[in-house]
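Trainee: Just so you know, the protein sequences line up as chains A and B, in that order.
Following the working numbering, the numbering of the first sequence begins with 1 at its first residue and continues without gaps.
Following the working numbering, the numbering of the second sequence begins with 1 at its first residue and continues without gaps.
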Amino acid sequence: MARKLLLAVLTVAFIGALAAGAVFLGLLERSVVSREIEQPLTAEQMKGLVKRGAYVAVAADCYACHVTKGGAPWAGGLPFETPFGTIYSTNISPDREHGIGAWTRAEFHRAVRDGVGKNGHLYPAMPYASYRKLTAGDVDAVYAYLMSREPMKVANRENHLPFPMNIRQGLTFWNLVNLSSGTGTEVAGRSEAWNRGRYLTDALAHCGECHTPRNLTMGMKESAYLQGAELEGVIAPDITKAGLTRMGFDPLVFASFMKSGISAQGAMTNQMFEVVHFSTQYLSPDDLAAMSAYLFDLAKLPERATPPAPPQPVAVSAETASSARSTYLAVCASCHGVEGQGIPHVVVPLATNASLRLADARNLNRVILSGIPAQRFPGLERMQPMPGFAAQLTDQEVADLSNWLRANWGGQKPSVTVDEVRRLR
Amino acid sequence: MTIATRTLSLTINDEAVGPIDVPETMMMQDFLYEYLNLTGSRMGCGQGICHACTVIVEKGDGSLEEMRTCITGAHWFAGRKVRTVEGHAKRDANGAITQLSPVQQAFIEHFSFQCGYCTPGFVTGATVLLDQLKRNPVRREALEGVISEALDRHICRCTGYVRYFEAVRDLVLRTPGLVKA
Ligand code: FES
Ligand code: FES
Numbered sequence: 001m002a003r004k005l006l007l008a009v010l011t012v013a014f015i016g017a018l019a020a021g022a023v024f025l026g027l028l029e030r031s032v033v034s035r036e037i038e039q040p041l042t043a044e045q046m047k048g049l050v051k052r053g054a055y056v057a058v059a060a061d062c063y064a065c066h067v068t069k070g071g072a073p074w075a076g077g078l079p080f081e082t083p084f085g086t087i088y089s090t091n092i093s094p095d096r097e098h099g100i101g102a103w104t105r106a107e108f109h110r111a112v113r114d115g116v117g118k119n120g121h122l123y124p125a126m127p128y129a130s131y132r133k134l135t136a137g138d139v140d141a142v143y144a145y146l147m148s149r150e151p152m153k154v155a156n157r158e159n160h161l162p163f164p165m166n167i168r169q170g171l172t173f174w175n176l177v178n179l180s181s182g183t184g185t186e187v188a189g190r191s192e193a194w195n196r197g198r199y200l201t202d203a204l205a206h207c208g209e210c211h212t213p214r215n216l217t218m219g220m221k222e223s224a225y226l227q228g229a230e231l232e233g234v235i236a237p238d239i240t241k242a243g244l245t246r247m248g249f250d251p252l253v254f255a256s257f258m259k260s261g262i263s264a265q266g267a268m269t270n271q272m273f274e275v276v277h278f279s280t281q282y283l284s285p286d287d288l289a290a291m292s293a294y295l296f297d298l299a300k301l302p303e304r305a306t307p308p309a310p311p312q313p314v315a316v317s318a319e320t321a322s323s324a325r326s327t328y329l330a331v332c333a334s335c336h337g338v339e340g341q342g343i344p345h346v347v348v349p350l351a352t353n354a355s356l357r358l359a360d361a362r363n364l365n366r367v368i369l370s371g372i373p374a375q376r377f378p379g380l381e382r383m384q385p386m387p388g389f390a391a392q393l394t395d396q397e398v399a400d401l402s403n404w405l406r407a408n409w410g411g412q413k414p415s416v417t418v419d420e421v422r423r424l425r
Numbered sequence: 001m002t003i004a005t006r007t008l009s010l011t012i013n014d015e016a017v018g019p020i021d022v023p024e025t026m027m028m029q030d031f032l033y034e035y036l037n038l039t040g041s042r043m044g045c046g047q048g049i050c051h052a053c054t055v056i057v058e059k060g061d062g063s064l065e066e067m068r069t070c071i072t073g074a075h076w077f078a079g080r081k082v083r084t085v086e087g088h089a090k091r092d093a094n095g096a097i098t099q100l101s102p103v104q105q106a107f108i109e110h111f112s113f114q115c116g117y118c119t120p121g122f123v124t125g126a127t128v129l130l131d132q133l134k135r136n137p138v139r140r141e142a143l144e145g146v147i148s149e150a151l152d153r154h155i156c157r158c159t160g161y162v163r164y165f166e167a168v169r170d171l172v173l174r175t176p177g178l179v180k181a
C-alpha cells in the first residue's frame, strides 16, 4: 500500500516536473505569428509601408517608451520601475548591433505579438499582451517604418532584476496564464467605427495595460476591463462608459480631450500627458471618433451630445467646511477661482474637474501635496505649473480641503482621512 | 454688493498690523499695496511663476520661508511674522535707511540688476537661502548647484543672472559658517 502511494506521489511529481519543464522550454507557447511572415518583405513593399507604419507607431505610442528625454531617437533606455526591479526599454532603431537592424520580419512580429524577441523573452512592460491583437499588416508597417529610421549606436542598458525574475525564460509561465490565444478584436454585428475603436483601444493604444487592474500574476484582469487601476501611486481612472460619464465626459468632449489634453474636466497629467503628447494628439479625427464611440458603446460618434448632469453636492461638517474654505481662499482661489472656474488657457477649473469625481481621492491629494509641472499641450496651449503645498499645509488641512472639494464639486463622500494624507507624503 | 471680509492680524517687519477687516478673497500682494502702502514686492506674472512678489515668513523655529504674495491670500498670513523687502535694511528712528542688508549690499556691489523689477524677489530668495545655509552648511563643491537650485525660480528679464549668482556666491563664501570644509 505504502509503496503504491509512494509510486503515485512520485508519478504525479514527475509529471508535474515534466509539465513545468515543458512550459519553461516554451513548448506550450503558441505563436500568433503565421507561417507566411517568414517570407521577408521586398524592398518595394517595405518602402510602401513606411508612411502607414509611422501612423501605426504613433497610435501604438511606441516612441514614448523607446526614447529617453534628450536621448537618441528610438534608442530606448527608459527605466520602468516595477515591483520586482528596474527594466529598461530597448534600442529599436535599425542599428545592427544594438538595435533591431539584424531582425527579420518574423523575428519582429514574434517580439511584438508573442513577447519573444530575437534574444529571448521580453518582459511584459512591453505591452505584447495587447499588441498580440495587432493585425499582421500593422506590425509589418511598423517594421518597415522602424527600419527606415536612422540607426542609433546606443547600447542597451542592463535590467536590475533579482533572481528568479532575471531569467527571461521564466516568462513562459506568465505568458501561459496571461496571453490570450484569441487575437481578434472584431465583433460581428457592431459598426465599423465601434470595431475600429475597439482595435485602437485594445490593440494599438493598449489602454487596458494601465486602465485595467492587474490580477495576482500581474496580468490584466479581464473581469474588470478598463475599470481603473493603480499605477505608480496614482489612479488610472475607470474609462468604461460609466467611468467616463461619472468624470463628466460626453462622447464629443472625450474625443477632443484625447486630441488636446485639455477640457473642462481638467488637463492630462502624469503618463496620460505623455500619451497625448506622443500619441493621441496625432490620431486622425476618424480614429478619435471611433475610440470614443467604442468606449461610450455607440455605433458612431454623435453630432451632438448632452453632457452628464453635474454630481449632487454632499454635505460636510461645518468644521471641515470652514477649515477647507479658508485654505481654498488662501492658496487655491487666486488661480482656480473662488467659484472653481479656473483661468482659460492657464489653469484648469476645479468645479468640473474629473479628479474630484473619482471614488479614490489619491490623485487629488497627491496633486495638492506635490503639484504639477508646467505642461505644454497641442496647439500652443500651456498650463502653468501648480505648486505643491506639502510644506504649507498640515495633513488635517489637506484632508479637509480634499473632502470639501470632492463633496462640493465631485459629489463624493468626505472619506479622506488624515492618515491617508500622511502616507502620501 | 458687499464683499465678505474677515478680521486679520499679523506682524509685518516687526510691527503689529491689525486687527483690520480685509476681504476674504484678497491676495497678500493687494493687501500690502492697498492697505499698507508696502509696494516693494513686485507684481510680475500674478500667477506664481516669476517670484518677483515674494516675502519672507519667519516661522516659529526662527527659520525663514519664501511665499509668493500674488497667489497667497492675505488671510493665510494671519498670526504670522512677515518680512517684506522694506524690512531688510536697518533704519534709524525716523525710518531712514542706515545700512543695507548683506544681500542687498552684495547685489549693489556686483551691479547685479538693471531695471530692478525682479530684485525684491531676489533679495528675499537669497536671504532665505543664506538662512538655510546657516542652519545646514553645504560643502564647497555643492555650493554652485545649491545657489542655482534655490534661485532658479526667480525670473529676471534683464540680466542673465550671472551677477546675481556671483553676488550670492561671494556673500556665502565670505560669511563664516555657511560652507563646510
Ligand atoms: S508675481 Fe508672484 S510669482 Fe510672479
Ligand atoms: S533686473 Fe530687470 S528683470 Fe531683473
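Idealized CB from N, CA, C, for every residue including glycine.
Give a single yes or no on whether residue 371(A) has its beta carbon closer than 7 Å to a heavy atom of ligand 1.
Mentor: Taking the first residue of the first sequence as 1, we reach residue 371(A) at position 371. No.
Trainee: Would residue 177(A) count as contacting chain B if we go by Cβ distances under 8 Å?
Mentor: Mapped onto the first sequence, residue 177(A) falls at position 177. Chain B contact via Cβ: absent.
Trainee: Can you give the Cα-Cα distance for residue 340(A) and residue 86(B), rounded to whole angstroms?
Mentor: As a first step, residue 340(A) must be located in the first sequence, where it is residue number 340. As a first step, residue 86(B) must be located in the second sequence, where it is residue number 86. Using only the alpha carbons, I get a separation of about 34 Å.
Trainee: Helix, strand or coil for residue 83(B) per DSSP?
Mentor: In the second sequence, residue 83(B) corresponds to position 83, counting from 1. If DSSP states are grouped into helix, strand and coil, residue 83(B) belongs with the strands.
Trainee: Assuming residue 324(A) and residue 403(A) make a contact with CB atoms under 8 Å, what is their CB distance in whole Å?
Mentor: Reading the first sequence from its first residue, position 324 is the one you call residue 324(A). Reading the first sequence from its first residue, position 403 is the one you call residue 403(A). That pair is a contact at about 7 Å.
Trainee: Strictly under 8 Å for the Cβ-Cβ distance: is residue 118(B) near chain A by that measure?
Mentor: For the purposes of this step, residue 118(B) is taken as the residue at position 118 of the second sequence. No, residue 118(B) lies away from the interface with chain A (no Cβ there is under 8 Å from its Cβ).
Trainee: Need the endpoints of the beta strand (DSSP E) that residue 126(B) sits in, please.
Mentor: On the second sequence, position 126 is the one that residue 126(B) refers to. Counting along the chain, residue 126(B) falls outside any beta strand (DSSP E), though it belongs to the alpha helix (DSSP H) covering 119-135.
Trainee: Relative to ligand 2, what is the chain-ordered list of residues with a Cβ closer than 6 Å to any of its non-hydrogen atoms?
Mentor: My final list is 113(B), 114(B), 115(B), 116(B), 117(B), 118(B), 156(B), 157(B), 158(B) and 159(B).
Trainee: Checking contacts by CB at 8 Å: is residue 134(A) closer than that to chain B?
Mentor: Position 134 of the first sequence, counted from the first residue, corresponds to residue 134(A). For residue 134(A), the answer is no, since every Cβ of chain B falls outside 8 Å of its Cβ.
Trainee: Could you tell me which chain B residues have their CB closer than 8 Å to the CB of residue 329(A), listed as they occur along the chain?
Mentor: As a working mapping, residue 329(A) is identified with position 329 in the first sequence. Here the neighbours are 24, 25, 73 and 75.
Trainee: Taking residue 48(B) as the query, report the chain A residues whose CB atoms sit under 9 Å from its CB, ordered along the chain.
Mentor: Translated into positions along the second sequence, residue 48(B) becomes position 48. The contacting residues are 334, 335, 384, 385, 386 and 387.
Trainee: The beta strand (DSSP E) with residue 64(B) in it runs from where to where?
Mentor: As a position in the second sequence, residue 64(B) is number 64, starting the count at 1. Unbroken beta strand (DSSP E) run through residue 64(B): 64-68.
Trainee: Could you tell me the boundaries of the beta strand (DSSP E) in which residue 428(A) lies?
Mentor: A question about residue 428(A) goes unanswered here, because the residues of chain A that appear run from 1 up to 425.
Trainee: If residue 56(A) sits next to residue 288(A), beta carbons under 8 Å apart, how far is it from one beta carbon to the other, in whole angstroms?
Mentor: Against the first sequence, residue 56(A) aligns to sequence position 56. Against the first sequence, residue 288(A) aligns to sequence position 288. Going by Cβ atoms, the distance from residue 56(A) to residue 288(A) rounds to 16 Å, so no, they are not a contact pair.
Trainee: Verify the contact flag: residue 383(A), CB atom, against every heavy atom of ligand 1, threshold strictly below 7 Å.
Mentor: Translated into positions along the first sequence, residue 383(A) becomes position 383. Not under cutoff, so the answer is no.
Trainee: When a residue counts only if its C-beta is closer than 6 Å to some heavy atom of ligand 3, which residues count, in chain order?
Mentor: In terms of ligand content, the structure shown lacks ligand 3 and carries ligand 1 and ligand 2 instead.
Trainee: When you compare the CB positions of residue 61(B) and residue 110(B), do they come within less than 8 Å of one another, or not?
Mentor: Locating residue 61(B) in the second sequence gives position 61, counting from the first residue. Locating residue 110(B) in the second sequence gives position 110, counting from the first residue. Cβ atoms of residue 61(B) and residue 110(B): not closer than 8 Å.
Trainee: State buried or exposed for residue 3(B), treating a residue as buried only when at least 16 other CB atoms are found within 10 Å of its CB.
Mentor: As a first step, residue 3(B) is located in the second sequence; it is residue number 3 there, counting from the start. By the neighbour-count rule (16 or more Cβ atoms within 10 Å), residue 3(B) is not buried but exposed.
Trainee: State yes or no: is the beta carbon of residue 142(A) nearer than 8 Å to at least one beta carbon in chain B?
Mentor: Mapped onto the first sequence, residue 142(A) falls at position 142. No, its Cβ sits nowhere closer than 8 Å to a Cβ of chain B.
Trainee: With which residues is residue 21(B) paired in a DSSP beta bridge?
Mentor: Residue numbering aside, residue 21(B) sits at position 21 when the second sequence is read from its first letter. In DSSP, residue 21(B) forms a bridge with 7(B).
Trainee: With a threshold of 8 Å between beta-carbons, can residue 53(B) be considered close to chain A, or not?
Mentor: Counting from one through the second sequence, the residue named residue 53(B) turns up at place 53. Not closer than 8 Å to any Cβ of chain A, the Cβ of residue 53(B) fails to qualify, so no.
Trainee: Does DSSP put residue 208(A) in a helix, in a strand, or in coil?
Mentor: Start at 1 with the first residue of the first sequence, and residue 208(A) comes out as number 208. In this structure, residue 208(A) counts as helix in the three-state DSSP scheme.
Trainee: According to a CB-to-CB cut-off of less than 9 Å, which residues of the segment 132-162 of chain B neighbour chain A?
Mentor: Answer in chain order: no residues at all.
Trainee: CA-CA distance, residue 105(B) and residue 165(B)?
Mentor: To locate residue 105(B), count along the second sequence from 1; it is residue 105. To locate residue 165(B), count along the second sequence from 1; it is residue 165. Rounded to the nearest angstrom, the two C-alpha atoms are 14 Å apart.
Trainee: DSSP beta-bridge partners for residue 54(B)?
Mentor: Numbered from 1 along the second sequence, position 54 holds the residue referred to as residue 54(B). In the DSSP output, where bridge partners are listed per residue, residue 54(B) has 68(B).
Trainee: What does DSSP give as the partner residue(s) for residue 90(B) in the beta ladder?
Mentor: Here residue 90(B) corresponds to residue number 90 of the second sequence, with the count starting at 1. DSSP lists 99(B) as partners of residue 90(B).
Trainee: Distance, Cα to Cα, residue 145(A) vs residue 53(A)?
Mentor: Your numbering for residue 145(A) matches position 145 in the first sequence. Your numbering for residue 53(A) matches position 53 in the first sequence. The alpha-carbon atoms of residue 145(A) and residue 53(A) are separated by roughly 5 Å.
Trainee: Starting from residue 86(A) and walking both ways along the beta strand (DSSP E), at which residues does that stretch end?
Mentor: Start at 1 with the first residue of the first sequence, and residue 86(A) comes out as number 86. From DSSP, the beta strand (DSSP E) with residue 86(A) extends over 85-88.
Trainee: Extract the residue ranges of the alpha helix (DSSP H) inside the segment 373-420 of chain A, only unbroken runs of 4 or more that lie entirely within it.
Mentor: List check, alpha helix (DSSP H) in window: 395-410.
Trainee: Output the boundary residues of the beta strand (DSSP E) element that contains residue 80(A).
Mentor: As a first step, residue 80(A) is located in the first sequence; it is residue number 80 there, counting from the start. Residues 79-82.
Trainee: Look at the Cβ atom of residue 150(B), then the Cβ atom of residue 129(B), and state whether they are nearer than 8 Å.
Mentor: For the purposes of this step, residue 150(B) is identified with residue 150 of the second sequence, where counting begins at 1. For the purposes of this step, residue 129(B) is identified with residue 129 of the second sequence, where counting begins at 1. Contact flag set, yes.
Trainee: Rounded to whole angstroms, how far is the Cβ of residue 226(A) from the Cβ of residue 240(A), which I believe are closer than 8 Å?
Mentor: Here residue 226(A) is taken as the residue at index 226 of the first sequence, counted from 1. Here residue 240(A) is taken as the residue at index 240 of the first sequence, counted from 1. Confirmed, Cβ separation roughly 5 Å.
Trainee: Determine the contact status of residue 83(B) and residue 56(B), defining contact as a CB-CB distance below 8 Å.
Mentor: Position 83 of the second sequence holds residue 83(B). Position 56 of the second sequence holds residue 56(B). Cβ distance < 8 Å, so residue 83(B) and residue 56(B) count as in contact.
Trainee: Which residues bound the beta strand (DSSP E) around residue 158(A)?
Mentor: Locating residue 158(A) in the first sequence gives position 158, counting from the first residue. Where residue 158(A) is concerned, there is no enclosing beta strand (DSSP E), given that its DSSP letter is neither H nor E.
Trainee: Using DSSP bridges, identify the partner residues of residue 121(A).
Mentor: Taking the first residue of the first sequence as 1, we reach residue 121(A) at position 121. The partner list for residue 121(A) (beta bridge, DSSP) reads 116(A).
Trainee: From the DSSP output, read off the bridge partner residues of residue 260(A).
Mentor: By 1-based counting over the first sequence, the position of residue 260(A) is 260. Residue 260(A) is not bridged to any residue.
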